[in-house]
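K.L.:
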Amino acid sequence: MSPRLKISKYVIERLLKTETYETTGCLYGLMYDGTLLVIGFSLEYFENEKKTYSQLLLNLPAEVELCGVVKFCDTTTLDSKPKEILQDVDITDNPLFLIIDKDKEIKAHFLIHEKFEETSYDVFENEDIWKQFLHIRLNTILPLSCEATLFGVKNVLQSKRKKIASGQVSFQINDSTVYLFGIASGVGVTGTSTEANIGDLVDSWNPEQMSKKKKYNINNVEPVSVNLVMKATKDMLSDKLVKTAVKMMTTQRKPAFCISMPLRVDTIAMVHRNTKLSELYSILVEATCRSLKLLESVLIEQLGQEGIGDGAGLRLPETFHYLSPEIGHFITRVVPKGIPDESMEKERIALHEQLDLPLTRPMFRRGNAYIFNSPKLINPHEGIAPQNRGKIATVRGKYLYCHYMQDNFNDDGWGCAYRSMQTIFSWFKYQGYNTLDVPTHKEIQQCLVKIGDKPSSFVGSKQWIGSTEVMFCLDTLIGVQSRIIFANTGSELLTYTPELIHHFQQHGSPIMIGGGVLAHTIIGVEYNEEKNETRYLILDPHYTGADDLQTVLSKGWCGWKTSDFWNKTAHYNLCLPQTKPCV
Amino acid sequence: MVRTVYSPEYCLQYLEQYATKEVYVIGLILGQVTESRENVIHLARTPDEKNDASSEASYASEKPEPLRTLLDISETWVADHAKHVTRMLPGGVFVLGIFITSDEDIFEDPNYFSKVKSVLNYTHKALNSNQYMYGNIPNSNEKLILHMSTSTKVLTCKSIEVDVGSKMSIKPVEWKFLPKPQQWQRLDCYYDFDEVYPVLVKNSGISVKHQFQQILESAHKTIELCVMFIDGELKDASEPLEQVFKKRKIIIKRATDNPKSIQVSLFVPYENTFPETVQYSECDGHIHFSGVVASSIFMYPKATIKEATEAVKQDIIRSLASRFTMHCDALIDDNLLPEEKICFNEPPRRVLVPVGTSYFCDYLFPGEAPAEALVSVKELLDLQITEADVVCDIETPADTSEFDALDRDASSEELLATPQEASQFMYITGICFAMFVLIVSIFIHYYDGIVTCLSNFFSKS
Numbered sequence: 001m002s003p004r005l006k007i008s009k010y011v012i013e014r015l016l017k018t019e020t021y022e023t024t025g026c027l028y029g030l031m032y033d034g035t036l037l038v039i040g041f042s043l044e045y046f047e048n049e050k051k052t053y054s055q056l057l058l059n060l061p062a063e064v065e066l067c068g069v070v071k072f073c074d075t076t077t078l079d080s081k082p083k084e085i086l087q088d089v090d091i092t093d094n095p096l097f098l099i100i101d102k103d104k105e106i107k108a109h110f111l112i113h114e115k116f117e118e119t120s121y122d123v124f125e126n127e128d129i130w131k132q133f134l135h136i137r138l139n140t141i142l143p144l145s146c147e148a149t150l151f152g153v154k155n156v157l158q159s160k161r162k163k164i165a166s167g168q169v170s171f172q173i174n175d176s177t178v179y180l181f182g183i184a185s186g187v188g189v190t191g192t193s194t195e196a197n198i199g200d201l202v203d204s205w206n207p208e209q210m211s212k213k214k215k216y217n218i219n220n221v222e223p224v225s226v227n228l229v230m231k232a233t234k235d236m237l238s239d240k241l242v243k244t245a246v247k248m249m250t251t252q253r254k255p256a257f258c259i260s261m262p263l264r265v266d267t268i269a270m271v272h273r274n275t276k277l278s279e280l281y282s283i284l285v286e287a288t289c290r291s292l293k294l295l296e297s298v299l300i301e302q303l304g305q306e307g308i309g310d311g312a313g314l315r316l317p318e319t320f321h322y323l324s325p326e327i328g329h330f331i332t333r334v335v336p337k338g339i340p341d342e343s344m345e346k347e348r349i350a351l352h353e354q355l356d357l358p359l360t361r362p363m364f365r366r367g368n369a370y371i372f373n374s375p376k377l378i379n380p381h382e383g384i385a386p387q388n389r390g391k392i393a394t395v396r397g398k399y400l401y402c403h404y405m406q407d408n409f410n411d412d413g414w415g416c417a418y419r420s421m422q423t424i425f426s427w428f429k430y431q432g433y434n435t436l437d438v439p440t441h442k443e444i445q446q447c448l449v450k451i452g453d454k455p456s457s458f459v460g461s462k463q464w465i466g467s468t469e470v471m472f473c474l475d476t477l478i479g480v481q482s483r484i485i486f487a488n489t490g491s492e493l494l495t496y497t498p499e500l501i502h503h504f505q506q507h508g509s510p511i512m513i514g515g516g517v518l519a520h521t522i523i524g525v526e527y528n529e530e531k532n533e534t535r536y537l538i539l540d541p542h543y544t545g546a547d548d549l550q551t552v553l554s555k556g557w558c559g560w561k562t563s564d565f566w567n568k569t570a571h572y573n574l575c576l577p578q579t580k581p582c583v
Numbered sequence: 001m002v003r004t005v006y007s008p009e010y011c012l013q014y015l016e017q018y019a020t021k022e023v024y025v026i027g028l029i030l031g032q033v034t035e036s037r038e039n040v041i042h043l044a045r046t047p048d049e050k051n052d053a054s055s056e057a058s059y060a061s062e063k064p065e066p067l068r069t070l071l072d073i074s075e076t077w078v079a080d081h082a083k084h085v086t087r088m089l090p091g092g093v094f095v096l097g098i099f100i101t102s103d104e105d106i107f108e109d110p111n112y113f114s115k116v117k118s119v120l121n122y123t124h125k126a127l128n129s130n131q132y133m134y135g136n137i138p139n140s141n142e143k144l145i146l147h148m149s150t151s152t153k154v155l156t157c158k159s160i161e162v163d164v165g166s167k168m169s170i171k172p173v174e175w176k177f178l179p180k181p182q183q184w185q186r187l188d189c190y191y192d193f194d195e196v197y198p199v200l201v202k203n204s205g206i207s208v209k210h211q212f213q214q215i216l217e218s219a220h221k222t223i224e225l226c227v228m229f230i231d232g233e234l235k236d237a238s239e240p241l242e243q244v245f246k247k248r249k250i251i252i253k254r255a256t257d258n259p260k261s262i263q264v265s266l267f268v269p270y271e272n273t274f275p276e277t278v279q280y281s282e283c284d285g286h287i288h289f290s291g292v293v294a295s296s297i298f299m300y301p302k303a304t305i306k307e308a309t310e311a312v313k314q315d316i317i318r319s320l321a322s323r324f325t326m327h328c329d330a331l332i333d334d335n336l337l338p339e340e341k342i343c344f345n346e347p348p349r350r351v352l353v354p355v356g357t358s359y360f361c362d363y364l365f366p367g368e369a370p371a372e373a374l375v376s377v378k379e380l381l382d383l384q385i386t387e388a389d390v391v392c393d394i395e396t397p398a399d400t401s402e403f404d405a406l407d408r409d410a411s412s413e414e415l416l417a418t419p420q421e422a423s424q425f426m427y428i429t430g431i432c433f434a435m436f437v438l439i440v441s442i443f444i445h446y447y448d449g450i451v452t453c454l455s456n457f458f459s460k461s
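If you read the sequences in order, they're chains A and B.
Here the first sequence is numbered in the UniProt record's numbering, starting from 1 and rising by one per residue.
Here the second sequence is numbered in the UniProt record's numbering, starting from 1 and rising by one per residue.
1. Following the continuous alpha helix (DSSP H) through Val85(B), name the residue where it begins and the one where it ends.
2. Just to make sure I have the definition right: I need the residues of chain A whose C-beta is within less than 9 Å of the C-beta of Lys341(B). Which are they?
3. Whole-angstrom Cβ separation of Leu5(A) and Leu96(A), contact assumed at under 8 Å?
4. Out of Tyr179(A), Glu147(A), Asp128(A), state which residue places its alpha-carbon closest to the alpha-carbon of Tyr281(A).
5. So that I know if they touch, is there some Cβ in chain B lying closer than 7 Å to that of Ile141(A)?
6. What do you reckon, are the CB atoms on Ile218(A) and Pro325(A) nearer than 7 Å?
7. Identify which residue in Val64(A), Lys71(A), Cys73(A), Val525(A) has its Cα closest to the Cα of Ile91(A).
8. Which term fits Trp205(A), buried or exposed, when burial requires 16 or more other beta carbons within 10 angstroms of its beta carbon?
9. With DSSP as the reference, label Ile297(B) as helix, strand or coil.
10. What are the uninterrupted segments assigned as beta strand (DSSP E) that are 3 or more residues long and contained completely in the region 220-254 of chain A, given in chain order?
11. Got a sec: is the Cβ-Cβ distance from Phe171(A) to anything in chain B below 7 Å?
12. DSSP three-state call for Ile26(B): helix, strand or coil?
13. Starting from Cys392(B), trace the beta strand (DSSP E) in both directions and tell me its first and last residue.
14. According to DSSP, is Met421(A) part of a helix, a strand, or is it coil?
15. Nearest CA to the CA of Val201(B): which residue from Glu345(A), Val189(A), Thr251(A), Gly516(A)?
16. On the DSSP bridge list, what partners appear for His286(B)?
17. Would DSSP call Gln183(B) helix, strand or coil?
18. Since Arg290(A) is in the beta strand (DSSP E), which residue starts that stretch and which ends it?
19. Going along chain A in order, which residues have a C-beta closer than 7 Å to the C-beta of Asp192(B)?
20. Nearest-angstrom Cα distance between Cys582(A) and Phe364(A)?
21. Ignore the nearest five residues each way along the sequence and tell me which others in residue 593(A)'s own chain have a CB closer than 8 Å to its CB.
22. For Met512(A), write down the residues that DSSP places opposite it in a beta bridge.
23. Under 7 Å between C-beta atoms, does Tyr197(B) make it to chain A?
24. DSSP state of His329(A), grouped into three classes?
25. Ordered along the chain, which non-local residues of its own chain (more than five positions away) have a Cβ less than 8 Å from that of Val189(A)?
26. Please identify, using Cβ separations under 9 Å, the residues of the region 378-393 of chain B that lie next to chain A, in order along the chain.
27. Give me the DSSP bridge partner(s) of Leu43(A).
28. For Asn136(B), count neighbouring Cβ atoms within 10 angstroms of its own Cβ and tell me buried if that reaches 16, exposed if not.
29. Taking any Cβ of chain A, which residues in the region 279-299 of chain B have a Cβ under 9 Å from it, in chain order?
30. Using a Cβ-Cβ cutoff of less than 6 Å, which residues in the same chain neighbour Ser145(A) once the five nearest sequence positions on both sides are dropped?
31. Pick helix, strand or coil for Glu35(B), following the three-state DSSP scheme.
32. What does the alpha-carbon distance come out to for the pair Thr440(A) and Asn408(A)?
33. Please give me, in chain order, every unbroken run of the beta strand (DSSP E) with length at least 3 that falls completely inside the region 76-146 of chain B.
34. Name the chain A residues that come within less than 9 Å of Ile206(B), Cβ to Cβ?
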């Protein structure tokens, strides 16, 4: 029997946006409960006989596998190369074949007994992905010590993978007493019932969250953390128990260079909440192996390069997880530590092309990485229920809600523009434009003194700054140019509505606005043509309370304001930070 | 509440026998301290000092034998005894103090009492000299003194604090004899080592002692971090062992199971103890440390899981440290290389020897027979056992054929080739040979066909 088919809304939207024609794409998905859920896709160009999709699989969460092919054409015929892809599908006996015709209509087929049979499919809503699926993040450090050669690294990592795959490890869930074992141990799960599933286990730890009717979305993914422990004792019941007493052998050989380093394994698996704990073991083994392969490829690549062939300039691999709303699933990348993002553009362009992403803004730089457990609120405005009253343009990408009293720093009454600038700065950081930390008030003041805008007594003072100072700082610290708009009165602001809409569409960065004694951050504009009304999405830095989303939204610290919000008689200056296209 | 220790009844006969026969005797109290109870397992008389015996013998004819008293005892001799005995103790068992049989009241007579204190202080220090031996009970400096008067056969037990200078406090201790032999909960595991790490041998060579010390340090760090599973399950640290045992009996009952033994396993979580950089070094050799440490510990059944876990960890480290010390003491030359290309160090292996209702251990060097264990058991534990009592199969001696094979390789230059080159060479040779065999076999198989075909071809042309 062929599986039921569901396709995530993310994938549907991405497929319909694809403009290339006569190209082939690979589909990625996972099986749960007799259903095949397609969650991702990539374009395949068949260059250099390389199977780029098999490489990409390593970047996807464990459990997500190749599940089929998509063609942008009108016929159900397949060339030999896409057929090869179908042969690589292991997750189901019936590989999937999607066709998107010229009218952008999606038709799904399963390959059943060598024939394509058309099948119906359901669209899987985005929210359901975050609600029904859990992400498991495994973190561990494996000590690596070997000869600084390609062979040495490959060999030692292969033996590590073998050891992990042979049941010599156990996984500890969330620092609890729940441990998972391999089948060979005969135990499976300890600390809870063998029949338990991961969703219930996680809920049992957070009973409060359940009652609150938590909203699930792409910004509040909280992975279940898992730790790996390695077996250090032998199985006494094994027939093959070798009990040779400890001994030491010393071998002398040709002089060579050796490297040793902590290998940080950081990997993600995506599982349905109903997954049994006993099934989780092999998934986590796969996740670990994917991570080790990524780490290996980064080491191998470096060793192959000239100059660091003997390992002297080798850099530690660093792992980053990305979850962009355009993609809708995690993508994990490993890059050498300390190599600037700018010099790795080629790889990123290839990835953008493979995932059919625009080449106008960075998406896989270090700063773009998903932020786990941020102490400050991220994108609070996304919690506001959508109300469609006109043309809306909002900030694109992540920013931090910076406001009074944060970081144990009392700036009540004078720091609003600084906070607004911090929000802008965080936006540039999280869009990958730079890797600097968000500057403190003092650092902002020091910057202004350095460029001669302010006297040295300004550092440590409680003096206000305005939008021009914000512009200077952005330029000096991260090389961002800004456009300044002056409005003589609050009502004059209304004439700039088209420019603001254009700003959010073109650049997407938050806007700082200063007027009278107040500074605010504008993160969105709505224009209703019928009534000729403009509303502004305001992020208010004057908030002094705790970073609680409910309070922030219900009390209107982040919310839509009508043009009455502005003082009719005050002057206003706006700082509109500009972006440059890059990857 | 007065501290109470429980002792097997044979210890009473043991003391009485010496109190009757000898002027004075000193020895060690060996046992286990747990929250729920303190158990003495064995009393072991400190052997006579050999050197004294031989030198006295030569003078014996001329001088009258000096009147030997307790005050003549050498502190270092007793301390040395304690050190050697500790090697034989499983984890969780310690030298708890000393026993003395004598006529004098050692607690009342200040001369005698200061001698006793001095012996205990020496012993405490000696046992502390190597932290990996776990000579003294961690975080405790109380030692027992058990005295039996040779005249009245009255037993007195007290505890004193050592290593605290003049503020030493003396407390009474109640010593109780158990009519029935103590039951123990046995826990077993095989801790597995398999580590290869690069070293720089060049010029100076490598000190075996130094290597072993490093292995010990890293093993200690790792084992301390380990999580212990009992029968594959993580237990509440405060739960008594017997609870686990009771539950287990109901769940699984395999015919092969020794009801008294529970299998445990240890898992290492890797934590970030490494510097966050790539370390880069030159090396021209490898050290491969491999094999097992068989661990069997015996716990009072009411002891907690936590206590048992600590005992298992102590046992592995103590056993490793004992082997290394014994191995290094027996070494003629500490320097490993550079003369030989391969060097093999095989420390003595562990065997178990029965003591009361539990087991202690001993170590046999390669080539030594189990009978060797009888000697140390007699001398250090003052126990008579037979060869059949020694459990020799918990560990096996290293397979020297493995070493021989490597040695042969080493004599040729092959070993200096990188493994990659060697394997490629093997690979190509293998394929060539396989091709050759294939061609020959095809030829033989189709011989008739080929001949007819060829003849046809030639006749046509």
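For glycine and all other residues, C-beta sits at the position ideal for the given N, C-alpha and C.
P.N.:
The short version:
1. Here residue 85(B) corresponds to residue number 85 of the second sequence, with the count starting at 1. 75-87 is the span of the alpha helix (DSSP H), which, as asked, contains Val85(B).
2. Counting from one through the second sequence, the residue named residue 341(B) turns up at place 341. Ordered by position in chain A, the residues that pass the 9 Å Cβ test against Lys341(B) are Thr251, Gln252, Arg253.
3. If you number the first sequence from 1, residue 5(A) lands on position 5. If you number the first sequence from 1, residue 96(A) lands on position 96. With a Cβ gap of about 7 Å, Leu5(A) and Leu96(A) count as contacting.
4. Here the question's residue 281(A) lines up with position 281 in the first sequence. In terms of Cα proximity to Tyr281(A), the closest of Tyr179(A), Glu147(A), Asp128(A) is Tyr179(A).
5. Here the question's residue 141(A) lines up with position 141 in the first sequence. Under the Cβ distance rule, Ile141(A) counts among the residues neighbouring chain B, one pair being separated by less than 7 Å.
6. Within the first sequence, the letter at position 218 stands for residue 218(A). Within the first sequence, the letter at position 325 stands for residue 325(A). Ile218(A) is a Cβ neighbour of Pro325(A), given a cutoff of 7 Å.
7. Locating residue 91(A) in the first sequence gives position 91, counting from the first residue. Among Val64(A), Lys71(A), Cys73(A), Val525(A), the Cα nearest to that of Ile91(A) belongs to Val64(A).
8. The sequence position of residue 205(A) within the first sequence is 205, counting from 1. Burial check for Trp205(A): the Cβ neighbour count within 10 Å stays below 16, so the residue is exposed.
9. If you number the second sequence from 1, residue 297(B) lands on position 297. Here DSSP, grouped into helix, strand and coil, assigns Ile297(B) to strand.
10. The region 220-254 of chain A is shown to contain whole beta strand (DSSP E) runs of 3 or more residues at 224-231, in chain order.
11. In the first sequence, residue 171(A) corresponds to position 171, counting from 1. No, because no Cβ of chain B sits closer than 7 Å to the Cβ of Phe171(A).
12. Position 26 of the second sequence, counting from 1, holds the residue named residue 26(B). Correct three-state label for Ile26(B): strand.
13. Along the second sequence, one-based indexing puts residue 392(B) at 392. Note, Cys392(B): premise wrong, no beta strand (DSSP E); not H, not E.
14. Sequence index remark: in the first sequence, residue 421(A) carries index 421 (1-based). The answer is helix: DSSP assigns Met421(A) an H, G or I state.
15. Counting from 1 along the second sequence, the entry for residue 201(B) is found at position 201. Closest option to Val201(B), Cα to Cα, is Thr251(A).
16. Mapped onto the second sequence, residue 286(B) falls at position 286. His286(B) pairs with Thr251(A), Pro198(B).
17. Mapped onto the second sequence, residue 183(B) falls at position 183. Residue state, collapsed to three classes: coil.
18. Stepping through the first sequence from its first residue, residue 290(A) is reached at position 290. For Arg290(A), there is no enclosing beta strand (DSSP E); the residue is part of the alpha helix (DSSP H) that begins and ends at 277-304.
19. Translated into positions along the second sequence, residue 192(B) becomes position 192. The answer, in chain order, is Ala232, Thr233, Lys234.
20. Against the first sequence, residue 582(A) aligns to sequence position 582. Against the first sequence, residue 364(A) aligns to sequence position 364. Approximately 11 Å between the Cα atoms of the pair.
21. As displayed, chain A neither begins before 1 nor continues past 583, which places residue 593(A) out of reach and without an answer.
22. Looking up residue 512(A) in the first sequence gives position 512. Looking at the DSSP assignment, Met512(A) forms a beta bridge with Thr521(A), Cys575(A).
23. As a first step, residue 197(B) must be located in the second sequence, where it is residue number 197. Chain A, which has a Cβ nearer than 7 Å to the Cβ of Tyr197(B), makes this yes.
24. One-based indexing of the first sequence puts residue 329(A) at position 329. The answer is coil: DSSP assigns His329(A) none of H, G, I, E or B.
25. Along the first sequence, read from residue 1 onward, the residue named residue 189(A) stands at position 189. Contacts found: Val178, Tyr179, Leu180, Phe181, Ala196, Leu277, Ser278.
26. Within the region 378-393 of chain B, the residues whose Cβ lies closer than 9 Å to some Cβ of chain A are Asp393, listed in chain order.
27. In the first sequence, residue 43(A) corresponds to position 43, counting from 1. The partner list for Leu43(A) (beta bridge, DSSP) reads Gly25(A).
28. Working through the second sequence from its first residue, we reach residue 136(B) at position 136. Under the 10 Å beta carbon count, Asn136(B) is surrounded by 16 or more other beta carbons and is classified as buried.
29. Those residues of the region 279-299 of chain B that come within reach of chain A (Cβ to Cβ, closer than 9 Å) are Gln279, Tyr280, Ser281, Glu282, Cys283, Asp284, Gly285, His286, Ile287, His288, Phe289, Ser290, Gly291, Val292, Val293, Ala294, Ser295.
30. Position 145 of the first sequence, counted from the start, is the residue given in the question as residue 145(A). Within the same chain, Ser145(A) has close Cβ partners Ser260.
31. By 1-based counting over the second sequence, the position of residue 35(B) is 35. In this structure, DSSP gives Glu35(B) a state outside helix and strand, which the three-state scheme calls coil.
32. By one-based count along the first sequence, residue 440(A) stands at place 440. By one-based count along the first sequence, residue 408(A) stands at place 408. One C-alpha to the other measures close to 11 Å.
33. The region 76-146 of chain B contains these whole beta strand (DSSP E) runs: 94-102.
34. Start at 1 with the first residue of the second sequence, and residue 206(B) comes out as number 206. What Ile206(B) touches in chain A: Thr250.
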